[in-house]
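Colleague: Just so you know, we're using this note's numbering here: the sequence shown kicks off at 60 and counts up by one.
Idealized CB from N, CA, C, for every residue including glycine.
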Amino acid sequence: MDSTVKIRELNDAFRTTLRGNGDVYLTSGVAALPEEEQAEIVRRVQRFDAFTPDNDPHYEHDFGSFKHAGKTVFWKLDYFDRDRRYGSPDPADENLTERILTVMLAEEYWSFALRRKEAHYKLSTPECAHAEASAHSSDPNI
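1) Specify the secondary structure class of Arg158 as computed by DSSP and reduced to three states.
2) Assuming Thr86 and Thr161 make a contact with CB atoms under 8 Å, what is their CB distance in whole Å?
3) Less than 8 Å between the C-beta atoms of Asp121 and Asn70, yes or no?
4) Under the assumption that Gln97 contacts Val89 (Cβ atoms under 8 Å), give the Cβ distance between them as a whole number of angstroms.
5) To the nearest whole angstrom, what separates the beta carbons of Leu155 and Asp142, a pair I think is in contact under 8 Å?
6) Roughly how many whole angstroms lie between the Cα atoms of Pro148 and Glu157?
7) Who pairs with Met163 in a beta bridge, going by DSSP?
8) Give the single residue among Asp152, Ile159, Gly146 and Ala128 whose Cα lies nearest to the Cα of Lys135.
9) Beta strand (DSSP E) containing Leu85: first to last residue?
10) For Phe107, which option in Ala91, Val132 and Tyr84 has the closest C-alpha, if you only look at C-alpha atoms?
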């Protein structure tokens, strides 16, 4: 099976069931919404199927966006190694990969992207090898 097809299948399975090797994180903007709205947003992420070449250029089903209560919501899947210290060596292999699904308001994206880049840099340097990727998910400023 083509690795892109396998990645897409694994991404769809994780996103639609929220089960498997990985976790789901809501950014502070989404977490600040009432619980009913949070639940509806997560349901919409699970049901998302509006993939196009514009929002899914690699055909991996790893990103989506939609409107909710006048705001744009983004969701993004990232692939880490099983220790969540580095990127996955092979996202098509579920035994080597932890999937992290982040759900955010579009207005939070640049903060998220910068922190993700900083985390990647810190996690890639030997002096910071003790850090864990999941430590950044609890930051209220994301």
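Modeller: Taking the geometry as given:
1) strand
2) 7 Å
3) yes
4) 6 Å
5) Their Cβ separation, rounded to whole angstroms, is 11 Å, which puts Leu155 and Asp142 out of contact at 8 Å.
6) 11 Å
7) Phe133
8) Ile159
9) Gly81 to Leu85
10) Val132
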